[in-house]
Ligand code: ADP
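Numbering (my numbering), first residue to last: 14 to 506.
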């Protein structure tokens, strides 16, 4: 008799509390508990994959790889379309579960993240059809440069947006003909279990899509140390990225690392202050547990007071509360440990003499809720200016001319994103001097799947998105066919 696979009930939805390896659900190993940040209520226990199971997942992915690769982009398309459909079919389950598990706003899940997760799979599957061999004609040969499937890709995602990020990586990896092993975040693992349920329902061949649950230093570390991997794609913190990069270097496995940031939010003197202030308040979305948020405000001193008052008026109206409530705009911080970290940054900034413009304390709604906070009057090298908080704590500095704005914007070890408000030509001129992987002009958060995403400096290595994802998740091969008679001569070449 086969053992029943345990499930967790979240609202009306059943989530498999198991790993998905080689097309089978596996419930083995020690367990860890999963709590909801909404009220710290226990959602249930998830199993932690053993070393043996992690290795088996990579072996299964390796065995499944040749047939999946051989299908070609056209052959893979119907599978991936069904996968995207299966995500849409489970939209309500994803929304309820991610909201409970990661504290993300239900409305944002329903209207933004879940349709986007399905699109991540569908878009890359279709884009792979259009991947052309690059042709190069030289005087002696015709070259065609192919994107060959690479092999098994390990995907490690963080807790702030596990579903969005897992599909953003798995979509192009699968479309390019690779098999994948995903290690979801231990603080928010449930969405990836539903993702595996969707993959199974879509008939993705066994071994092509795998999910192993567990903690980073155990399950995650075992996965990234496997020498049979062909790629590692990681989104998370800088210290973990450095550990993974060292391990990847041992086996010479290419890795893509998308890390944190302390991105500038620049308001020039000719900015539309109403739009800039409304967009500024948006930086509190997901309680600023967002790598790409603009968290260092740089405001021209001429417009500073007006900007502060406009942004304050919006921030005072923000609704903090239960992420399942449609009126809520800011939900909880994911975990007590993250909450303590955020509070530590605030207390140290206060002690160092930074002045609060607003916030600076927990919100009474519940134990993991924090007031949107803004510091000012800070030294450029202050901790609160230089370090990523990953919570709703922003900081504001002023500048007197463009050169100072650019200098302050670049005065960081990070280089992920940025925002620049101003007359468009002026804003572009400033933005072009800011050293980041991307920067939004008079806007925020526009993410096109074809566009590159990633950071410089301590914000990471590599770019994903569109062709950049295909470059990363493929082995580039040049096939050279001579166009003139080839002479096998030792005297030449
Ligand atoms: P965050 O602070 O955003 O959680 P982490 O870098 O700690 O950032 O975690 C991001 C992901 O990396 C999580 O899925 C976590 O389990 C995983 N992780 C943590 N440590 C390791 C490690 N040594 N090897 C592989 N994965 C890890």
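Where is the CB? At the ideal position from N, CA and C, for every residue including glycine. As the structure is a computational prediction, the values presented were derived from the model and not from experiment.
Taking just the CA atoms, how far does residue 271 sit from residue 244? 14 Å
So does residue 228 have its beta carbon nearer than 7 Å to some heavy atom of the ligand ADP? yes
I believe residue 144 touches residue 160 by the beta-carbon criterion, under 8 Å. Please report the beta-carbon distance rounded to the nearest angstrom. 6 Å
What is the DSSP secondary structure of residue 366, reduced to helix, strand or coil? coil
Quick check: what's the CA-CA separation for residue 260 versus residue 235? 10 Å
Mind checking whether the beta-carbon of residue 249 lies closer than 7 Å to any heavy atom of the ligand ADP? yes
Would you tell me roughly how many angstroms separate the C-alpha atoms of residue 306 and residue 278, rounded to the nearest one? 9 Å
Cβ-heavy atom distance between residue 170 and the ligand ADP below 7 Å? yes
Cut-off 6 Å between Cβ atoms - residues of its own chain near residue 352, not counting five sequence neighbours on either side: 346, 381
Residue environment, residue 210, which counts as buried when at least 16 other CB atoms sit within 10 Å: buried
Under 7 Å from any heavy atom of the ligand ADP, does the C-beta of residue 322 make it? no
Three-state secondary structure (DSSP) at residue 396? helix
For residue 126, tell me which candidate among 46, 138, 139, 112 has the shortest Cα-Cα distance. 112
If we count the other Cβ atoms within 10 Å of its Cβ and call it buried at 16 or more, is residue 124 buried or exposed? exposed
Can you say whether residue 14 is buried or exposed, counting buried as having 16 or more other CB atoms within 10 angstroms of its CB? For residue 14, the pLDDT reaches just 46, beneath the cut-off of 50, and the residue's location in the model is therefore unreliable, although a value from the coordinates is still provided. Classification for residue 14: exposed.
Check whether the region 438-447 and the region 145-152 are in contact - that is, three or more C-beta pairs closer than 8 Å. no
Please confirm if the region 451-460 is in contact with the region 295-309, defined as three or more CB-CB distances below 8 Å between the two stretches. yes
Only counting the same chain, and skipping five residues up and downstream in sequence, which positions put a Cβ closer than 6 Å to that of residue 315? 282
Simplified DSSP state of residue 205, which is helix, strand or coil: helix
Of the residues 99, 164, 195, 354, the one placed nearest residue 75, counting alpha carbons only: 164
Does the distance between the C-beta of residue 198 and the nearest non-hydrogen atom of the ligand ADP fall short of 7 Å? yes
Excluding sequence positions up to five away, which residues of its chain have a Cβ less than 7 Å from the Cβ of residue 146? 157, 158, 159
Are the C-beta of residue 271 and some C-beta of chain D separated by less than 8 Å? Judged by its chain identifiers, the structure shown contains no chain D, having just a single protein chain.
Quick one: is the Cβ of residue 234 within less than 7 Å of any heavy atom of the ligand ADP? yes
Since residue 37 sits in a beta bridge, which residues does DSSP pair it with? 34
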